[in-house]
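In UniProt numbering, the protein residues as written are 1 to 531.
All C-beta atoms, glycine included, are put in the ideal place defined by N, C-alpha and C.
Note that the structure is a prediction, hence the values are computed from the model and not measured.
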Amino acid sequence: MIKVLIVDDEPFIRQGLKILINWEQYGYEIVGEAANGLEAIKELEKKDIDLIIADIKMPEMNGIELIEYVRKNISEEVKIIVLSGYYEFEYAKKAIKCNVNDYILKPIQKEELIKVLSSFKEEFIKQEQQQTMQKIKDKVVYDRFFNEIIHGKCNNANLEYIKKYQDFSSDLRYLIIEINYNNHDEITISENEKMEQQQIFYQNIIGWLGENYYNVIIDMGQTKDCYDIGFIYDKRFAKEKGMAEHEYILNFKTNMQQIQKYDFFIYVGEKVDNIETIALSYKSATVAKLFSDFSIENNIAYYDEMAKRKELNCSEEKKYMDYLIHEIEDNNKEEIVKCVEKIYKSFGEHKINLDIIKININYLLCNLINIAKELDSEIDQEEVMQYITSISFEQMISRGSVNHLKTFSLEFAEYLNQLRQHSFQGILSQINKEISEHYMEKLSLKYLSEKYYINSAYLGQIFKKQYNVSFKDYLNAYRIEKAAELLKRSDDKIYKISEKVGYSNTDYFINKFVQLKEKTPLQYRKQFCCR
Numbered sequence: 001m002i003k004v005l006i007v008d009d010e011p012f013i014r015q016g017l018k019i020l021i022n023w024e025q026y027g028y029e030i031v032g033e034a035a036n037g038l039e040a041i042k043e044l045e046k047k048d049i050d051l052i053i054a055d056i057k058m059p060e061m062n063g064i065e066l067i068e069y070v071r072k073n074i075s076e077e078v079k080i081i082v083l084s085g086y087y088e089f090e091y092a093k094k095a096i097k098c099n100v101n102d103y104i105l106k107p108i109q110k111e112e113l114i115k116v117l118s119s120f121k122e123e124f125i126k127q128e129q130q131q132t133m134q135k136i137k138d139k140v141v142y143d144r145f146f147n148e149i150i151h152g153k154c155n156n157a158n159l160e161y162i163k164k165y166q167d168f169s170s171d172l173r174y175l176i177i178e179i180n181y182n183n184h185d186e187i188t189i190s191e192n193e194k195m196e197q198q199q200i201f202y203q204n205i206i207g208w209l210g211e212n213y214y215n216v217i218i219d220m221g222q223t224k225d226c227y228d229i230g231f232i233y234d235k236r237f238a239k240e241k242g243m244a245e246h247e248y249i250l251n252f253k254t255n256m257q258q259i260q261k262y263d264f265f266i267y268v269g270e271k272v273d274n275i276e277t278i279a280l281s282y283k284s285a286t287v288a289k290l291f292s293d294f295s296i297e298n299n300i301a302y303y304d305e306m307a308k309r310k311e312l313n314c315s316e317e318k319k320y321m322d323y324l325i326h327e328i329e330d331n332n333k334e335e336i337v338k339c340v341e342k343i344y345k346s347f348g349e350h351k352i353n354l355d356i357i358k359i360n361i362n363y364l365l366c367n368l369i370n371i372a373k374e375l376d377s378e379i380d381q382e383e384v385m386q387y388i389t390s391i392s393f394e395q396m397i398s399r400g401s402v403n404h405l406k407t408f409s410l411e412f413a414e415y416l417n418q419l420r421q422h423s424f425q426g427i428l429s430q431i432n433k434e435i436s437e438h439y440m441e442k443l444s445l446k447y448l449s450e451k452y453y454i455n456s457a458y459l460g461q462i463f464k465k466q467y468n469v470s471f472k473d474y475l476n477a478y479r480i481e482k483a484a485e486l487l488k489r490s491d492d493k494i495y496k497i498s499e500k501v502g503y504s505n506t507d508y509f510i511n512k513f514v515q516l517k518e519k520t521p522l523q524y525r526k527q528f529c530c531r
């Protein structure tokens, strides 16, 4: 509703205006009235007013003086309609100078008032939409700057931008909120659904925080499959509600659970003194997430609880990692699973240092790369690196699951096994046969690797080693050659030929044809027709 203040020294005029029309029907609500400018100012200081309807001539402070005061001291945006018993040129000039929005003569006609109010309503709606869009844009930029801060880019520009929108106290914690999509076991949840639920949760927290909504951000993460939300807990939140910190966080979780479709977890980082050091709290919250299996209660895990434990001996860490590397190299599936569980359990039961975990993960990856190189000296190390990035430290943190490390270890063990066992010439002959017989179908490395029980990364490597081009480029070249033959010996339309050689998108087909033949399909056909 658009909030209206009526200002007139004659009570019957004020009363008459209130009953002249059904204000709510037109989207307005009369929230106050005043007999002169001074009374109006008191109302304006107490209430948010969108529209003032004021008489020109009033005692103590007239309409023009009121308008001048409002424009100078209260708002340039509030809309003003001036009322007058007759049209006075001098008053009108002053009103226009003060940026009055309209001028209505008494006695007020119902139709004229409705016309003016309808016009104003359109402006209000448009203005409100613009303000909402600007707020959304500002919040997106704010979230981006805050993400840079929590990931270690705490420069003056980022901090100044953040502080422009929100004041933070001296006691802060970063809370990671992770939506639990695994509690719907039989349902495959799409990426769009995850993004949508993240936005819904985000908006629900904004509603909960009210004017403090800048304390919640979308965690853009360092991986594409991160759908977490960041909540910057400020000690004054609990204080304002008369609660202890733990009580406030539990209360927040309980309230959110009542309106959320999916269950969720909260990982609470360590307390920091100011926003400049919030990255430390974020890092500790990621540790709480990673090892929450060992400290979670009521779906809330506190880093502080983990920090009380004794530190893990470095030699013990290396012993676990060396054992895992050995079992991966031997492709001993049962022992791999047991070893990963031991590593995860050991990390979870001791005081966690994020840098130490990172060192251990990198130690594991580097050793596995070297084993792969030893098995095949011509192997493309860059491609091996791309293959194993799924177990990078950042991915491990974002997924936060022992199952992720298990899956990677088992897959890499099989990958090494294939490096030992496969004669790639035999495999490539099968792949060539597949291309020649099925090039018009949807062929991919993933499909072929599954069909011939070979790792897709390894298949891509041996294919490139043999033909000096990637599988995708080879397949495109084969299809274009087949298309060129059809262009020479048939009068099929271009889109038909595109479909026959395996392209569902004609524009993509034409672009590929031009890249390889330096002519469009039509130009290529014409050169043979003219001979």
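{"Asked": "DSSP has V216 in a bridge; who is on the other side?", "Found": "F231"}
{"Asked": "Taking DSSP's pairing of strands, which residues face residue 593 in a bridge?", "Found": "Residue numbering for the chain in the displayed model covers 1 to 531; residue 593 lies beyond these limits and cannot be assessed."}
{"Asked": "Would A244 be called buried (16 or more neighbouring beta carbons within 10 Å of its own) or exposed?", "Found": "exposed"}
{"Asked": "In the DSSP assignment, the beta strand (DSSP E) including Y302 goes from what residue to what residue?", "Found": "I300 to Y302"}
{"Asked": "Alpha carbon to alpha carbon, how far is Y248 from F265?", "Found": "15 Å"}
{"Asked": "What are the partner residues of D9, as DSSP defines its beta bridges?", "Found": "D9 pairs with nothing; no bridge assigned."}
{"Asked": "Determine, using beta-carbon pairs with one atom in the region 151-162 and one in the region 274-285, whether at least three such pairs fall under 8 Å.", "Found": "yes"}
{"Asked": "Beta carbon of N331, beta carbon of E414: below 8 Å?", "Found": "yes"}
{"Asked": "Note down the Cα distance separating K97 from D55, rounded to an integer number of angstroms.", "Found": "17 Å"}
{"Asked": "Are I104 and Y26 closer than 8 Å when you measure CB to CB?", "Found": "no"}
{"Asked": "Is A483 near the ligand MG, with its Cβ less than 7 Å from a heavy atom?", "Found": "The ligand MG is absent from the structure shown, which contains no ligand whatsoever."}
{"Asked": "In the DSSP assignment, find the alpha helix (DSSP H) that holds Y458 and state where it starts and stops.", "Found": "S456 to Y467"}
{"Asked": "Around the C-beta of Q258, are 16 or more other C-beta atoms found within 10 angstroms, so that it is buried, or is it exposed?", "Found": "exposed"}
{"Asked": "What is the rounded straight-line gap between the Cα of A288 and the Cα of Y458?", "Found": "36 Å"}
{"Asked": "What's the C-alpha gap between L522 and K433?", "Found": "30 Å"}
{"Asked": "Between Y320 and I357, how many whole angstroms is the CB-CB distance? I'm expecting something under 8 Å.", "Found": "Going by Cβ atoms, the distance from Y320 to I357 rounds to 12 Å, so no, they are not a contact pair."}
{"Asked": "Is the beta carbon of L368 less than 8 Å from the beta carbon of I325?", "Found": "yes"}
{"Asked": "What residues in its chain sit with their C-beta under 7 Å from that of D9, if we drop five residues either side in the sequence?", "Found": "A35, N36, D55, M58 and P59"}
{"Asked": "Assign L443 to one of three DSSP states: helix, strand, or coil.", "Found": "coil"}
{"Asked": "By a C-beta neighbour count over all protein chains shown, 10 Å radius and 16 as the cutoff for buried, is F463 buried or exposed?", "Found": "buried"}
{"Asked": "What residue from I74, S436 and K271 has the CA that sits closest to E45's CA?", "Found": "I74"}
{"Asked": "Report yes or no: do the region 497-509 and the region 434-446 share at least 3 C-beta pairs separated by less than 8 Å?", "Found": "yes"}
{"Asked": "Using the C-alpha atoms, what's the distance from E24 back to I13?", "Found": "19 Å"}
{"Asked": "Rounded to the nearest angstrom, what separates K512 and Q466 at their Cα positions?", "Found": "23 Å"}
{"Asked": "In whole angstroms, what separates the C-alpha of Q515 from that of Y508?", "Found": "11 Å"}
{"Asked": "For the beta strand (DSSP E) holding A34, just list the boundary residues, first then last.", "Found": "Y28 to A34"}
{"Asked": "If you draw a straight line from the alpha carbon of F393 to that of I371, how long is it in whole angstroms?", "Found": "Because F393 sits at a pLDDT of 48, beneath the cut-off of 50, its placement in the model cannot be relied upon, and the point is left open."}
{"Asked": "With DSSP collapsed to three states, give me the class of A54.", "Found": "strand"}
{"Asked": "Work out the CA separation of L172 and N182 for me, nearest whole Å.", "Found": "30 Å"}
{"Asked": "Where does F168 fall in DSSP's three states?", "Found": "coil"}
{"Asked": "Enumerate in chain order the residues of its own chain whose CB-to-CB distance from T132 is below 6 Å, with the five nearest sequence positions on each side excluded.", "Found": "none"}
{"Asked": "Taking 8 Å as the threshold (beta carbon to beta carbon), is Q515 in contact with chain C?", "Found": "Included in the structure is just one protein chain, with no chain C present."}
{"Asked": "Pick from R489, F237 and I52: whose alpha carbon is nearest that of L17?", "Found": "I52"}
{"Asked": "Note down the Cα distance separating M1 from L405, rounded to an integer number of angstroms.", "Found": "55 Å"}
{"Asked": "In the structure shown, what three-state DSSP assignment does M321 receive?", "Found": "helix"}
{"Asked": "With a Cβ-Cβ cutoff of 8 Å, do E317 and N360 count as a contact?", "Found": "yes"}
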